[in-house]
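In structure tokens form, the structure reads like this:
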């Protein structure tokens, strides 16, 4: 029997028992509370597992008969915990409901395929009997891609890909690896590294997300500047659809009409289930290290990144925080020894009085380099020169080491603030270089104003972390004190302000988080009506009964209302 | 009134009057004639323009009324020359028929839109009245994409994009340019270069092809190793379809579901008409130069290219000829002075006796570098080291200059050999590095055997010219003495052998020439039945009446027979 597939805790991020440890970071809560005007902390922990009532599980007997004929008994699970951990992803809305025990929908059954043949059997049975399938990787999606709803009340099955978790083949000469879709990032990377190669894909969700999910959502990892976004890494793939299994050829590039790989990439489960992909891999770098820098302001930091892009001198990670995100990172500082504190104070004095850094405007940049030692040193020296010319002060490797240590911890922070009733989320986009500062300013203002509308002082920060020839991404984080009784609508109101700003000012609805249900109100404007029509045509053609992850990507007639934001809430927040 | 749109000669490649000048290349014809066992040259010139009978033009009066209401009179053309130059592209089959005056199909009308609004008006009218539209760029396609047929006998309109030929906007900071689709390569590049930027896309067809065509066919230029394939350069686009105008957003990357850019790229006109694209552009390089090298054999040349790819030390052009293609390039040598000939003889002596080059096995490599002078010198030195370690001898810049001078002339050679009755064409593919030598050997053998089957000694050569992380392209050229009375079937028989070998041995049906009609028999095997079904779904959804370039990409029920190769011909050639 295969090992049990590991899942995150049902109500939050990460493994059961793991959480954001504030004990040695005394500055975090005072900083956030001050920013959001919170004077008394009211704890809002999740309800107990026992108190949760799941809706009764539907059973489609003919489907179950077909499915049981093809798979082994231990591949089916329908106990309460299984249904609950597969009921949703980890979006703010998912967690807000789960923490309150508001579980109106959960899959009726969880199936663990162990091969493509298993997937074909389940998809065929589901298509025959009109049972809904929701492909499930690590469960980390924060755009509502995993909402286990069906508008027609059909039986819903979560297809957990966690047992299809092997590296099937590494072509070390071509540097192409055939991978199953279901291993969690660290498991897959460990298998690849035993062959001396890496995929180079390290999203913040790395420990809790999978290849299949990355491809289905057009994910980006923190080293995308070197290795590309996930869509750049796919050489070929296999996807089981209700109309047959799409199989593309493992060739580097071709001209075979419309690129069928790209019909599958980003399809968020609405067309089928990715069962395998051949991916570009890379030899392991000999050396890798992270460093911190402080830029005098956001503009100079952006200009430095831009120059690195233009001169083709990119580090492997370039993560530039804006002033507010920089303040937050300062507040994250760990408790330290008096001796270290004295050094830090001296450094601060130096930055303020010698480098003329204004701590209210300055911007933290985390930068990583990797490669064989000589190339590593050369690139680092070149980038240091560029940064220095843009006024940066080097902070050495201590902020870098701290980033490296905690680089997958950030999502835990949301549980921490949600424990304290805070409304907090992220919204990210991308735009061309000539519009980056404008979009940053306009969106920051729009989010801040929306939060003020809801009665809270705003906190909005942003970082730039994926850089391309034509432009870069902007990743916004925001927080608000709750508007009691209207928390979810408050969240949607603020989220709407962010997305409206993206589309009004030259961005896109998401750079790497997917459409899911969260971004349904903007997809038509993003793709244009005819572009959306093309996506619908694919859906209708491949999944005519709409059994594959229905309700994602393709919006209904009144997206904002279906999304959950009422005209009344808008009226309440945006006082006439 | 806009300037007249320039077209290639109706029966061959290039401008009227331009042709392949053999007068100072005395070795070409003796080499080819010897290889193909041709002892007596029989000239087979094209028929005269006057002798050609076009089928009578169909007129759909309601369509014409709608179209004339929207466009100006000078945007419509239906004279014989206009119909003839728009009747086909420049595939071997297109030209073989045209040269013999076998013009069974020609568009009934040519329309020259001058704006997206014009295109919308024509597409709308065509959709209403079921008139077929064939988007036409430079007319250079060699995969049958421009065959002006309609299986249902409807009126056929060629939509010549040549008047939509402007660079609309250059964002010099983001290095993104908004371009209309219809300028020929040199015109568009001249406009871009006046802004100090280049697209970096230089296919062999550069002088006679357009951006719209490049995007619609997933073209690759000779500097793709630096600038990417055309699909890598598209930031956003606009495409007018019978179901509305698709408009994507000008952002560097996104996660907005299925990538709608990629539904349009490679669509070969079967979904709509590309009316605009925002493309990545690049600052002009300060310096650029071409050099020649001679490798002891194909294996060592491939190993050298591979090492450049792996060490991220690519030149901007790397074109490695196999031994047969190298022989052909030797035969191309220009007549020279006695003094230069003496130097050449000395060089030959040195190569043979000092560098131990075997002229029957050696492989010519053309390599170009560009960039600011220091980077140029450094990269050239690094590549020279790699090449030397793989046994290469540097030939200096003389073969490079010769390549540079004639780099767009190669397609003229086909007219030259067709004037002499020879069956000749190209077939290209791509595969992963670990399979490159195998696919090269298997395909070379398969093509040679097929030519032998048809009664001719074979000539087959190949070059490697587009290199990627995972693999590279293989570009085969072949020639045969004609099998009298069965020339076209002979051509298809050999072409089939090439394509069969590609798909059997791990290649793809085309790396950058498109599907069109030429590759219809292999598209289902290439994409898988479900993959092809997905493409059909898009077609049905966006163009329900099948008015957009029908018969391309999507095969009928019996593709080989529809393609024109009879079972009888196969039987004749492949004697039992």
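Residue numbers (the working numbering), protein chains in the order written: chain A, 1 to 576; chain B, 1001 to 1576.
We put the CB at the ideal spot given by N, CA and C, even for glycine.
Reduced DSSP category for residue i - H, G, I as helix; E, B as strand; rest coil
i: residue 364 of chain A; result: strand
i: residue 279 of chain A; result: strand
i: residue 529 of chain A; result: helix
i: residue 302 of chain A; result: helix
i: residue 1081 of chain B; result: helix
i: residue 1254 of chain B; result: coil
i: residue 502 of chain A; result: helix
i: residue 1384 of chain B; result: helix
i: residue 1370 of chain B; result: strand
i: residue 1456 of chain B; result: coil
i: residue 100 of chain A; result: coil
i: residue 270 of chain A; result: coil
i: residue 1345 of chain B; result: helix
i: residue 1486 of chain B; result: coil
Residue i Cβ short of 7 Å to the ligand GTP heavy atom set
i: residue 1293 of chain B; result: Ligands displayed in this structure: none; no statement on the ligand GTP is therefore possible.
Paired residues, beta bridge with residue i - DSSP
i: residue 156 of chain A; result: A/132
i: residue 1430 of chain B; result: B/1473
i: residue 293 of chain A; result: A/365, A/394
i: residue 169 of chain A; result: A/178
i: residue 1461 of chain B; result: B/1477
i: residue 1424 of chain B; result: B/1479
i: residue 1089 of chain B; result: The partner list for residue 1089 of chain B (beta bridge, DSSP) is empty, contrary to what the question assumes.
i: residue 287 of chain A; result: A/371
i: residue 1234 of chain B; result: B/1279
i: residue 110 of chain A; result: A/77, A/158
i: residue 1213 of chain B; result: Paired residues: none, contrary to the question.
i: residue 197 of chain A; result: A/283
Beta-carbon proximity of residue i to residue j, cut-off 8 Å
i: residue 434 of chain A; j: residue 460 of chain A; result: no
i: residue 534 of chain A; j: residue 1531 of chain B; result: no
i: residue 195 of chain A; j: residue 214 of chain A; result: no
i: residue 1106 of chain B; j: residue 1054 of chain B; result: yes
i: residue 36 of chain A; j: residue 457 of chain A; result: yes
i: residue 275 of chain A; j: residue 464 of chain A; result: no
i: residue 347 of chain A; j: residue 295 of chain A; result: no
i: residue 277 of chain A; j: residue 179 of chain A; result: yes
i: residue 1420 of chain B; j: residue 1044 of chain B; result: yes
i: residue 89 of chain A; j: residue 141 of chain A; result: yes
i: residue 1436 of chain B; j: residue 1263 of chain B; result: no
i: residue 1281 of chain B; j: residue 1198 of chain B; result: yes
i: residue 239 of chain A; j: residue 177 of chain A; result: no
i: residue 1186 of chain B; j: residue 1207 of chain B; result: yes
i: residue 523 of chain A; j: residue 1256 of chain B; result: yes
i: residue 161 of chain A; j: residue 135 of chain A; result: yes
Min CB distance residue i to chain C below 8 Å
i: residue 1024 of chain B; result: Here chain C cannot be found, since the structure's protein chains are A and B.
#### Entry: Residues from the region 1453 to 1482 of chain B in contact with chain A, defined by Cβ distance under 8 Å
1466, 1468, 1469, 1470, 1471, 1472, 1473
### Message
Three Cβ pairs or more, each shorter than 8 Å: is that satisfied between the region 1214 to 1229 of chain B and the region 1300 to 1318 of chain B?
### Response
yes
### Message
Check whether the region 261 to 281 of chain A and the region 371 to 381 of chain A touch, using three or more Cβ-Cβ pairs below 8 Å as the test.
### Response
no
### Task
Can you give me, in chain order, the residues of the region 1416 to 1450 of chain B that have a beta carbon less than 8 Å from any beta carbon in chain A?
1429, 1430, 1431, 1432, 1433, 1434, 1435
### Task
Count the C-beta pairs between the region 467 to 480 of chain A and the region 1248 to 1264 of chain B that are closer than 8 Å, then say yes if the count reaches three, no if not.
yes
### Task
Examine the Cβ distances between the region 1389 to 1398 of chain B and the region 124 to 135 of chain A and report whether three or more of them are shorter than 8 Å.
no
### Task
State whether the region 1377 to 1389 of chain B contacts the region 1301 to 1313 of chain B, with contact taken as three or more CB pairs (one from each stretch) at a distance under 8 Å.
yes
### Task
Name, going along the chain, the residues of the region 206 to 236 of chain A whose beta-carbon falls closer than 8 Å to a beta-carbon of chain B.
217, 218, 219, 220, 229, 231, 235
### Query
How about the region 1502 to 1510 of chain B and the region 1108 to 1125 of chain B: do they share at least three Cβ pairs that are nearer than 8 Å?
no
### Query
the region 1253 to 1275 of chain B: which residues have C-beta closer than 9 Å to a C-beta of chain A, in chain order?
1253, 1254, 1255, 1256, 1257, 1258, 1259, 1260, 1261, 1262, 1263, 1264, 1265, 1266, 1267, 1268, 1270, 1271, 1272
### Message
Using a Cβ distance threshold of 8 Å, determine whether the region 17 to 31 of chain A contacts the region 79 to 87 of chain A, with at least three qualifying pairs required.
### Response
no
### Query
Mind listing which residues of the region 519 to 531 of chain A have their C-beta closer than 8 Å to chain B's C-betas, in chain order?
519, 523, 526, 527, 528, 529, 530, 531
### Query
At a cut of 8 Å, does the region 477 to 489 of chain A reach the region 341 to 356 of chain A through at least three beta carbon pairs?
no
### Task
With 8 Å as the C-beta to C-beta threshold (strictly closer), list the residues of the region 1538 to 1561 of chain B near chain A in chain order.
1538, 1540, 1541, 1542, 1553
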